[in-house]
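In what follows, a single structure is set out as structure tokens and then discussed.
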Amino acid sequence: MQVGMIGLGRMGAGMTMRLLQGGHQVTVYDRSADAVTALAGHGATGAASLEDLGQKLKAPRIFWLMIPAGAPVDDTIQRLQDTVAPGDIIIDGGNSNYKDSIRRAEDLVTKQIEFLDVGVSGGIWGLKVGFCLMVGGNQAVFKQAEPIFKTLAPPDGYAYAGPTGAGHYSKMVHNGIEYSMLQGYAEGFEILKAAPFGFDLAQLARLWNHGSVIRSWILELAQSAFERDPELAHLRGWVEDSGEGRWTLQEAIDHAVPAPALAMSLFMRFRSRQDDSFSAKVLAALRNEFGGHPVKPE
Ligand SMILES: NC(=O)c1ccc[n+]([C@@H]2O[C@H](COP(=O)([O-])OP(=O)(O)OC[C@H]3O[C@@H](n4cnc5c(N)ncnc54)[C@H](OP(=O)(O)O)[C@@H]3O)[C@@H](O)[C@H]2O)c1
2 MQVGMIGLGR MGAGMTMRLL QGGHQVTVYD RSADAVTALA GHGATGAASL EDLGQKLKAP
62 RIFWLMIPAG APVDDTIQRL QDTVAPGDII IDGGNSNYKD SIRRAEDLVT KQIEFLDVGV
122 SGGIWGLKVG FCLMVGGNQA VFKQAEPIFK TLAPPDGYAY AGPTGAGHYS KMVHNGIEYS
182 MLQGYAEGFE ILKAAPFGFD LAQLARLWNH GSVIRSWILE LAQSAFERDP ELAHLRGWVE
242 DSGEGRWTLQ EAIDHAVPAP ALAMSLFMRF RSRQDDSFSA KVLAALRNEF GGHPVKPE
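First residue of the sequence shown? That's 2 in this note's numbering, and the numbers climb one at a time after it.
Shown next as structure tokens:
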């Protein structure tokens with residue numbers, strides 16, 4: 002099939018490579034001409050602009066956006082307006098908020114442009130092992146683009162999740178679960194590190210991946226990370242969040258679903274970005290005020 006890939010970062014480049022390896026014709030565009038040239042070297046057709054991308058694809062055209070959520074997606078869809086024609090399909094494979102996806106689909110349908118929201122999981126390993134895809138939108142359009150999903154995903158690794166928004170909603174919750182899983186492993190390994198047994202963390206991670214109840218791909222990644230740097234001395238414990246955890250927690254709040262593990266995991270990421278915290282200062286000050294408990298000077 003023909004597909005136009007917009008955004009050739011970590012994900013877009015890997016997905017382009019997997020599509021090329023699967024025999025698809027991929028035309029690529031990125032703001033960075035170097036990124037386009039690099040993939041052209043692997044068999045993709047390079048485009049110099051979004052208009053050029055549109056001209057190089059045959060109708061009905063498929064434009065796959067693999068760019069940061071929010072304004073970049075709105076801007077890119079806006080800039081595609083003069084390029085797209087009725088029957089074309091725009092696929093947003095980034096981590097967009099599902100409410101934005103519903104709004105975009107409603108707007109595009111008035112111009113007879115189809116829209117699919119596709120939650121993508123697999124990270125930089127997806128090129129090798131396949132990307133897991135959760136597809137939202139019109140089921141007939143899903144069928145139309147299915148050969149692309151089939152190539153990108155591992156066996157049984159893609160599915161029609163439901164109407165517009167369902168793809169990004171399911172990816173959002175997937176990432177919410179990921180927050181709690183990462184936090185759980187992180188806490189366990191810190192307790193092991195503090196224990197008086199001199200545990201070899203890589204060895205324990207490897208052991209647990211053989212038949213234990215908590216075996217997982219994330220635990221395999223923990224094993225590799227500890228094998229490379231047992232103390233993780235090369236990095237700071239500073240953790241970003243890209244929005245999916247906040248959105249999932251907001252959904253839990255909106256539906257009155259208790260999600261304490263997610264909430265704590267998200268707040269631990271905020272804490273990781275503080276050297277000290279005002280709340281801890283308030284605690285120390287208040288204990289000192291009422292009980293004369295000692296405080297440490299700044
Ligand atoms: N990394 C992951 O594990 C992962 C997994 C699943 C989903 N995602 C989602 O996939 C999307 C891409 O992630 P990534 O990891 O590939 O990010 P990335 O490596 O940072 O690449 C981002 C790409 O988007 C382009 N871009 C940035 N701002 C733009 C704008 N305002 N207009 C047009 N293009 C813009 C960048 O172009 P330049 O080259 O010009 O900077 C680059 O090609 C994001 O929505 C992300 O949340 C990521």
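We put the CB at the ideal spot given by N, CA and C, even for glycine.
Does DSSP classify residue i as helix, strand or coil?
i: W239; result: coil
i: I63; result: strand
i: G120; result: strand
i: D277; result: coil
i: G210; result: Before going on, a small fix: residue 210 reads as Asn here, not Gly. Reduced to three states, the DSSP call for N210 is coil.
i: I68; result: coil
i: L153; result: helix
i: P259; result: coil
i: I215; result: coil
i: F200; result: coil
Write down the C-beta distance between residue i and residue j rounded to the nearest angstrom, noting that I regard them as a contact closer than 8 Å.
i: M67; j: G94; result: 5 Å
i: G137; j: L117; result: 7 Å
i: S243; j: N96; result: 6 Å
i: Q3; j: I63; result: 7 Å
i: G246; j: S266; result: 7 Å
i: Y186; j: L220; result: 7 Å
i: P155; j: V130; result: 6 Å
i: L134; j: G158; result: 7 Å
Using DSSP's beta-bridge definition, name the partner residues of residue i.
i: E115; result: I90
i: T46; result: T28
Along the chain, where does the alpha helix (DSSP H) that runs through residue i open and close?
i: M182; result: 167-195
i: I7; result: Per DSSP, I7 belongs to no alpha helix (DSSP H); it is in the beta strand (DSSP E), 3-7.
i: T84; result: Where T84 is concerned, there is no enclosing alpha helix (DSSP H), given that its DSSP letter is neither H nor E.
i: K297; result: First-last for K297: undefined, no H or E at that position.
i: I254; result: 245-255
i: S102; result: 99-110
i: D53; result: 51-57
i: V37; result: 34-41
Just curious, the beta strand (DSSP E) that residue i is in, first and last residue?
i: W162; result: Before going further, note that residue 162 is Ala rather than Trp in the sequence given. Counting along the chain, the beta strand (DSSP E) containing A162 begins and ends at 159-163.
i: L220; result: Element bounds for L220: not the beta strand (DSSP E) but the alpha helix (DSSP H), 218-229.
i: V136; result: 133-138
Give a yes or no on contact between the region 190-206 and the region 48-65, applying the rule of three or more CB pairs nearer than 8 Å. no
Indicate whether the contact test is met: 3 or more Cβ pairs, each with one atom in the region 164-179 and one in the region 118-129, closer than 8 Å. yes
Would you check if there are 3 or more beta carbon pairs closer than 8 Å linking the region 79-93 to the region 138-157? yes
Pairing CB atoms from the region 150-170 with CB atoms from the region 98-112, are three or more of them under 8 Å? yes
Taking 8 Å as the cut-off, does the region 37-47 touch the region 19-27 (at least 3 CB pairs, one atom from each stretch)? yes
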